[in-house]
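In this text, residue positions in the sequence shown follow the working numbering: the first is 246, and each later residue adds one.
Working notes for the structure below.
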Amino acid sequence: MVFNKKKKSPSRKAPYMYQTPEQMKHFAWCIHNGIGICVIPNWKTADKWNVEIILRGKSTINPADYEGVEALTKMYEYCKYYYDKNKKNEK
């Protein structure tokens, strides 16, 4: 009996860092308001990540390459940016 092995898709372990309560608040606010911000692997460069922002159904990828925790830090900076920008407009 011959088994055809299915070729594995490329994979990469996602970076991890502990979030501060402020970062969690900003991230949760973005999700609640329909703003998706995440890190995605850059498959063209080893161990590099990009930040993707999905706003009103349109996806934008920051072209800058980041390493692990650096990418997550940038993601939380974007969350804070949108949180601050929209909280300022609510006043």
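No residue lacks a Cβ here, since even glycine has one placed at the ideal position from N, Cα and C.
When the Cα atoms are used, what is the spatial distance from residue i to residue j?
| i | j | result |
| --- | --- | --- |
| V296 | K270 | 19 Å |
| I276 | M320 | 13 Å |
| C324 | K330 | 10 Å |
| N307 | N334 | 24 Å |
| T290 | M262 | 22 Å |
| T305 | E322 | 16 Å |
| W273 | G302 | At residue 273 the sequence reads Ala, which differs from the Trp that was named. The alpha-carbon atoms of A273 and G302 are separated by roughly 18 Å. |
Assuming residue i and residue j form a contact by the criterion Cβ under 8 Å, report the distance between their Cβ atoms to the nearest whole angstrom.
| i | j | result |
| --- | --- | --- |
| Y327 | I285 | With a Cβ gap of about 18 Å, Y327 and I285 do not count as contacting. |
| P260 | W294 | 7 Å |
Relative to the C-alpha of residue i, which residue among the options is closest?
| i | options | result |
| --- | --- | --- |
| D292 | E312, R301, T305 | E312 |
| A316 | C283, G302, E267 | C283 |
| L300 | T318, N287, A273, N278 | N278 |
Segments of 3+ residues assigned as beta strand (DSSP E) that fall wholly inside the segment 266 to 297: Within the segment 266 to 297, the runs of beta strand (DSSP E) that reach at least 3 residues and sit entirely inside it are, in chain order, 280 to 286.
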